[in-house]
Amino acid sequence: MKISNKTTVVVADDIISCELDGEAAILTMNDGIYYGLNPIGAKIWNLIQKPIKINEIISVIMKEYNVETERCQIDIQTLINDLLNHGLVKVNADT
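Numbering (our numbering) for the sequence shown: 4 to 98.
If you want it as structure tokens, here you go:
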């Protein structure tokens with residue numbers, strides 16, 4: 004599925020996660036695989052606990068970190084695609 008800044012994303016069902024020293028530890032209940040996210044990834048993970056549009060995530064990250072808009076958009080879309088490919092998130096079509 005192609006995602007854009009208008010895509011809504013949320014954590015998938017059957018996922019357990021916790022914070023460890025500012026990072027996120029994520030466990031998929033279906034296959035028992037653990038994943039980890041660095042502090043910025045953990046911040047994004049916290050934001051997607053409830054459905055949120057990618058452009059809203061970008062806005063939050065841009066306010067908190069000194070990053071160029073294009074770089075931020077690319078990095079967040081890449082992360083969301085990786086999470087989606089591993090079954091960790093669900094996305095809704097653009098509205």
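C-beta: ideal position from N, C-alpha, C; glycine also. Here the structure is a predicted model, which means the values were calculated and not measured.
Do residue j and residue i count as a contact pair if the criterion is CB distance below 8 Å?
i	j	result
TYR38	LEU91	yes
ILE64	THR11	no
VAL13	LYS53	yes
ILE6	ASN69	no
ALA15	TRP48	no
ILE57	GLN80	yes
What residue range is occupied by the uninterrupted beta strand (DSSP E) comprising residue i?
i	result
VAL63	From DSSP, VAL63 is part of no beta strand (DSSP E) but of the alpha helix (DSSP H) over 57–67.
Take residue i as the anchor and find which of the options has the nearest alpha-carbon.
i	options	result
ILE36	ILE61, ILE18, GLN80	ILE18
ASN95	ILE51, ILE29, CYS75, THR31	ILE51
GLU73	LEU82, GLU67, ILE61	ILE61
Decide if residue i is buried, meaning its Cβ has at least 16 other Cβ atoms within 10 Å, or exposed.
i	result
LEU23	exposed
GLY25	exposed
Since residue i is in the alpha helix (DSSP H), which residue starts that stretch and which ends it?
i	result
ASN84	72–88
Whole beta strand (DSSP E) runs in the region 11–58 with 3 or more residues, listed along the chain? Inside the region 11–58, DSSP marks whole beta strand (DSSP E) runs of 3 or more residues at positions 11–14, 18–23, 26–31, 37–40, from first to last along the chain.
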